[in-house]
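K.L.:
Number of protein chains: 2
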Amino acid sequence: MPEVIQKTNCTNCLFKSLVFNKLNDSELDFLDQFKIEKIYQKGEIVVNEGDTINDFLYIKTGLVKLFKTGLDGKDHILSVAKPQDFIGFLSMFSNTNYQYSIATIENSTLCFINVPALKKLIENNGVFALDILDKMSLAVDGILDTRISLCSRNLRGRIALLLLYFSDEVYHKDEYILPLARKEIAGLIEMTTENVIRILSEFRHDGLIEMDGSEISLLNKKLIEAISTAG
Amino acid sequence: MPEVIQKTNCTNCLFKSLVFNKLNDSELDFLDQFKIEKIYQKGEIVVNEGDTINDFLYIKTGLVKLFKTGLDGKDHILSVAKPQDFIGFLSMFSNTNYQYSIATIENSTLCFINVPALKKLIENNGVFALDILDKMSLAVDGILDTRISLCSRNLRGRIALLLLYFSDEVYHKDEYILPLARKEIAGLIEMTTENVIRILSEFRHDGLIEMDGSEISLLNKKLIEAISTAG
DNA sequence: CGCGGCTTTGATGTTCATCAAGTAAAGTGG
DNA sequence: CCACTTTACTTGATGAACATCAAAGCCGCG
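These protein sequence lines are chains V and E, in that order.
Residues 8 to 238, numbered by my numbering, are exactly what the first sequence covers, in order.
Residues 8 to 238, numbered by my numbering, are exactly what the second sequence covers, in order.
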């Protein structure tokens, strides 16, 4: 269960500029009344598929996954989201219920902003409205790009893409701890757990990466990039 | 080359309610000044990847495809769009240039609405802004859903999905003329041209469909649906 | 008429999922 | 703390699904 914090205040928020830079102080004060911040441990469920959407979710710190459980019982991960990824916008405007579940894959701090309050701000502040449209549009472009390139890549290409994603987009380092289990990776890039393992081992044997459990370090990034684009 | 028509007027437009129902008459009159309607034949290019985005595109009638040409020279179709699909919103807010090309796959009438003019309306009319957000969100949900289900389906499932899409979403009939060549279908659902043909023939032999060139008629829709969900 | 593009079918090989089996790691209860 | 269960990880063998290659028929077009 998450620990709830309410004492933060949007006006001083370090992340204000990333989402709400088009709001003035009085609007931010208004927002404060409709906002709750929650701290989650790695591996906690934030929302379940089908839950009513009451809040717009914003990731302050950490990492979460959006996923659906298929008929076969396998999880399919739509997207991994980090701070500044506006995943909260996804179905917020088109649905009353979540079309997917959300769980943390690292310790995370999430901000819950009441939807009607946010909509009121959008309605009353056109510049803010345009800004939200911008950000939503960007988020969607990213997800679509990833998804489409996944479909047309072979398994090695997908693994390469994944390794580069965490290196370039999430951790900004060539060594990191994979926050996802092999099985979760399989669900994210649509392949079997066995093949995730097999290809990671292959990459290790070929000297592309070093690997110890979930510790990964990319040794030959150029070649990994080549595999990613070639696949 | 498209034939350009300017004499239409938004206030009387039959499609007004589908996009611009949150605008009043004076706002619609304003829009009229920044709008051009163009008529295209089947197979014409509307925009090329990389073109500057000057207008929001709205499909009044017809059918278009959004596609990217891959490094291998193969076209990958992101989406097929029909009237009321708000494809025009896709990168409009996040990019200055198109990330994909658009071509008509049937005779079509498109409405070009100047982007700065549209943004001004959004900025000044919060209710309209929220409405646009709704529609954009819905459009995105649809595309994402299709894309994700494509990835996790086998070839037979994908073909079944495609046949049902045109039957249920586009033509609302069990007999129709496929507007896409086999090669285009391949690019849309990420498989080879040969296998598109092979599986269509297979479906014919199994009595699921009748087929003469691009004329398709679905004979056993229940079974096609089963294949689509099972795949 | 002949060329090029689209379609179709068959043969072949590669890629990948599935099955099976074994090891390691991580809870769980007495 | 140790047996016990469960879950994650790993490797190999097999077969199914799919792409690729090759060849031939069809049709529109210059």
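Idealized CB from N, CA, C, for every residue including glycine.
1) Classify L215 (chain E): buried if its beta carbon has 16 or more other beta carbons within 10 angstroms, exposed otherwise.
2) Skipping 5 residues on each side, what residues in its chain have a beta carbon closer than 6 Å to that of K29 (chain E)?
3) Quick check: is the beta carbon of L85 (chain E) nearer than 8 Å to any beta carbon in chain V?
4) Would you tell me roughly how many angstroms separate the C-alpha atoms of F37 (chain V) and D152 (chain E), rounded to the nearest one?
5) Please indicate yes or no: does the CB of R163 (chain V) lie closer than 7 Å to some heavy atom of the ligand ATP?
6) First and last residue of the beta strand (DSSP E) that includes L73 (chain V)?
7) Within 8 Å (strictly less), CB to CB, does F27 (chain E) reach chain V?
8) Could you list which residues in chain E have their beta carbon closer than 8 Å to that of A136 (chain V), in chain order?
9) By how many angstroms is the C-alpha of Y65 (chain V) removed from the C-alpha of Y47 (chain V)?
10) Check the Cβ-Cβ distances between I231 (chain V) and every residue of chain E, and say whether any is below 8 Å.
11) According to DSSP, is A251 (chain E) part of a helix, a strand, or is it coil?
12) Does the CB of R189 (chain E) have a neighbour CB from chain V at under 8 Å?
13) In whole angstroms, what separates the C-alpha of L169 (chain E) from that of N31 (chain V)?
14) Do S108 (chain V) and V71 (chain V) have their beta-carbon atoms positioned less than 8 Å apart in this structure?
15) Relative to the C-alpha of D141 (chain E), which residue among E:L25, E:E44, E:E10, E:S224 is closest?
16) Might you give, ordered along the chain, the residues of its own chain that have their beta carbon closer than 7 Å to the beta carbon of I231 (chain V), omitting 5 neighbours on each side?
17) With M198 (chain V) as the anchor, note down where its beta strand (DSSP E) starts and where it stops.
18) How is the alpha helix (DSSP H) around K142 (chain E) delimited, first residue to last?
19) In this structure, does DSSP put C20 (chain E) in helix, strand or coil?
20) Is the distance from the Cβ of E191 (chain V) to the Cβ of I52 (chain V) below 8 Å?
21) M99 (chain E) and F41 (chain E) look like a contact to me (Cβ under 8 Å); what is the Cβ gap, rounded to whole Å?
22) For K23 (chain E), which of E:C118, E:E176, E:R163, E:T59 has the nearest alpha-carbon?
23) Helix, strand or coil, according to DSSP, for F93 (chain V) in the structure here?
24) Could you tell me whether any Cβ in chain V is nearer than 8 Å to the Cβ of F100 (chain E)?
25) For E56 (chain V), which of helix, strand or coil comes out of DSSP?
26) Taking F37 (chain V) as part of the alpha helix (DSSP H), name the residues at either end of that continuous run.
27) Mind listing which residues of the stretch 39-63 of chain V have their C-beta closer than 9 Å to chain E's C-betas, in chain order?
28) According to DSSP, simplified to helix, strand and coil, what is D181 (chain E)?
29) First and last residue of the beta strand (DSSP E) that includes I112 (chain E)?
30) Could you list which residues in chain V have their beta carbon closer than 7 Å to that of E197 (chain E), in chain order?
31) For a cutoff of 8 Å on Cβ pairs, would you count G238 (chain E) as touching chain V?
32) Can you check whether the CB of V177 (chain E) is closer than 8 Å to the CB of G193 (chain E)?
33) Please report how far the alpha carbon of E201 (chain V) lies from the alpha carbon of L195 (chain V), in whole angstroms.
34) Checking contacts by CB at 8 Å: is M6 (chain E) closer than that to chain V?
35) Measuring alpha carbon to alpha carbon, tell me which of E:C17, E:R163, E:L187 ends up nearest G50 (chain E).
36) Are the CB atoms of I43 (chain E) and N104 (chain E) within a distance shorter than 8 Å?
P.N.:
On the basis of the coordinates in this document:
1) Buried, because 16 or more other Cβ atoms sit within 10 Å of the Cβ of L215 (chain E).
2) V134, F135, D138
3) L85 (chain E) counts as touching chain V.
4) 35 Å
5) In the structure on display, the ligand ATP does not appear, and there are no ligands present to speak of.
6) 71-76
7) no
8) The contacting residues are I129, E130, G133, A136, L137, L140.
9) 13 Å
10) no
11) Residue 251 (chain E) is absent from the model: chain E starts at 8 and stops at 238.
12) No, R189 (chain E) does not count as interfacial toward chain V.
13) Looking at the two C-alpha atoms, the distance is approximately 48 Å.
14) No. Outside cutoff.
15) Residue nearest to D141 (chain E) within the set E:L25, E:E44, E:E10, E:S224 is E:L25 (criterion: CA-CA distance).
16) Hits under 7 Å: A167, L170, L171, L215, L225.
17) Note, M198 (chain V): premise wrong, no beta strand (DSSP E); not H, not E.
18) 133-158
19) In this structure, DSSP gives C20 (chain E) a state outside helix and strand, which the three-state scheme calls coil.
20) no
21) F41 (chain E) and M99 (chain E) do not touch by the CB rule: their CB atoms are close to 14 Å apart, not below 8 Å.
22) For the options E:C118, E:E176, E:R163, E:T59, the alpha carbon positioned closest to that of K23 (chain E) is the one of E:C118.
23) coil
24) yes
25) coil
26) 32-39
27) none
28) coil
29) No beta strand (DSSP E) holds I112 (chain E); DSSP gives it neither H nor E.
30) C158, S159
31) For G238 (chain E), the answer is no, since every Cβ of chain V falls outside 8 Å of its Cβ.
32) One point to set straight first is that residue 193 (chain E) is Ala, not Gly, in the sequence displayed. A193 (chain E) places its beta carbon 8 Å or farther from that of V177 (chain E).
33) 14 Å
34) Here chain E has residues from 8 to 238 only, and residue 6 (chain E) is not among them.
35) E:L187
36) no
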